[in-house]
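Trainee: Take this structure first; my questions come after.
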Amino acid sequence: MRKLVTGMILCALASASHAEVTARSGGPSQSAMLARSADGAPEGMAFFRPVLSGVLYRSGFKGGDKGRTGMSQAQRTALCSEGFETAFYADFGKNTDYGTTRCASGALDYKAARSSRPDAVMKAIHDTIKTPSKGPVLVHCMWGVHASGALSAMALVQFCGWSEDRAKAYWNEARNGAPCGNGCDSWIDAKFDRFKVSPALQITEAERAAICPK
Numbered sequence: 003m004r005k006l007v008t009g010m011i012l013c014a015l016a017s018a019s020h021a022e023v024t025a026r027s028g029g030p031s032q033s034a035m036l037a038r039s040a041d042g043a044p045e046g047m048a049f050f051r052p053v054l055s056g057v058l059y060r061s062g063f064k065g066g067d068k069g070r071t072g073m074s075q076a077q078r079t080a081l082c083s084e085g086f087e088t089a090f091y092a093d094f095g096k097n098t099d100y101g102t103t104r105c106a107s108g109a110l111d112y113k114a115a116r117s118s119r120p121d122a123v124m125k126a127i128h129d130t131i132k133t134p135s136k137g138p139v140l141v142h143c144m145w146g147v148h149a150s151g152a153l154s155a156m157a158l159v160q161f162c163g164w165s166e167d168r169a170k171a172y173w174n175e176a177r178n179g180a181p182c183g184n185g186c187d188s189w190i191d192a193k194f195d196r197f198k199v200s201p202a203l204q205i206t207e208a209e210r211a212a213i214c215p216k
């Protein structure tokens, strides 16, 4: 009986976490976007934070990904179980696709991405916004502060109408003081030089109100 009750409690907690991660509840607060880590982070992940409610999260690895192997099978399964359907490893340095991880609640498609070529990530985010039943996207990089932050900042410009200056300020504050080669201003400027808002990826005001930061 005790095992049954414990199992029911764990199931309820998992369901609550799943609902929180996938809810399009009016956009995350600034404090949530800059927190050290949000609820639902798989073990070993750092700076797991919301960007667009129920649609986009960002993260990195605790201590970096020194082996450059990407998320472990356990981490992929945990994300899948939380309701995530797409994940991108940004600026890994190789066009590596990790394939699909299946779990009881669905499947997670894990791909490579580049912060200097954001089109595929923006398209995946747009597809998720336009499909309310689709689980959120995770963009992560080695540390969780540079490339994942750049792609997140671009998404805020594309889908929430943020100015480039406001998005860069968010990127700068969320990098937690991490250094950048050749200076941080030049680093993020170079990324945004390759980014243009796409008219093909427009969303409605109602969709924006449901996901964009407060």
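Heads up, my numbering is the position in the sequence shown plus 2, with the first residue counted as 1. For each residue, glycine too, the CB sits at the ideal point set by N, CA and C.
#1: Check whether the Cβ atoms of R158 and S61 sit closer than 8 Å, and answer yes or no.
#2: Expressed to the nearest angstrom, what Euclidean distance is found between the alpha-carbon atoms of T103 and Q77?
#3: Let me know if P138 comes out buried or exposed under the rule of 16 or more other beta-carbons within 10 Å of its beta-carbon.
#4: May I have a chain-ordered list of the beta strand (DSSP E) segments no shorter than 3 residues that lie completely inside the region 87 to 127?
#5: Does P201 come out as helix, strand or coil in the three-state DSSP assignment?
#6: How far does the alpha helix (DSSP H) with A212 in it extend, from its first residue to its last?
#7: How would you label K132, buried or exposed, when you count the other beta carbons within 10 angstroms and need 16 or more for buried?
#8: Return the CA-CA distance between C105 and T79, expressed in angstroms with no decimal places.
#9: Please report the distance separating the alpha-carbon of D41 from that of G151.
#10: Since I believe A109 is in contact with Y91 (beta carbons under 8 Å), could you give me their beta-carbon distance rounded to a whole number of angstroms?
#11: When burial is assigned at 16 or more other CB atoms within 10 Å of the CB, is E87 buried or exposed?
#12: When burial is assigned at 16 or more other CB atoms within 10 Å of the CB, is E84 buried or exposed?
#13: From the DSSP output, read off the bridge partner residues of L140.
#14: Please check the pair S290 and K193, which I expect to be a contact at CB under 8 Å, by giving their CB distance rounded to whole angstroms.
#15: F50 to A211, Cα distance in whole Å?
#16: Tell me, which residues are paired with L54 by DSSP?
#17: So, M124 versus Q75, is the Cβ gap smaller than 8 Å?
#18: Using a Cβ-Cβ cutoff of less than 6 Å, which residues in the same chain neighbour K113 once the five nearest sequence positions on both sides are dropped?
#19: With DSSP as the reference, identify every bridge partner of A48, one or two as the case may be.
Mentor: On the basis of the coordinates in this document:
#1: Position check: residue 158 holds Leu in this sequence, whereas Arg was assumed. For L158 and S61, no; Cβs fall outside 8 Å.
#2: 10 Å
#3: buried
#4: 88 to 92, 101 to 105, 108 to 115
#5: helix
#6: 207 to 213
#7: exposed
#8: 6 Å
#9: 18 Å
#10: Not quite, the Cβ-Cβ distance comes to about 17 Å (not below 8 Å), so this is no contact.
#11: buried
#12: buried
#13: Y59, A89
#14: With the chain represented from 3 up to 216, any question about residue 290 goes unanswered, as that position is not in the structure.
#15: 22 Å
#16: L58
#17: no
#18: F90, D99
#19: G62
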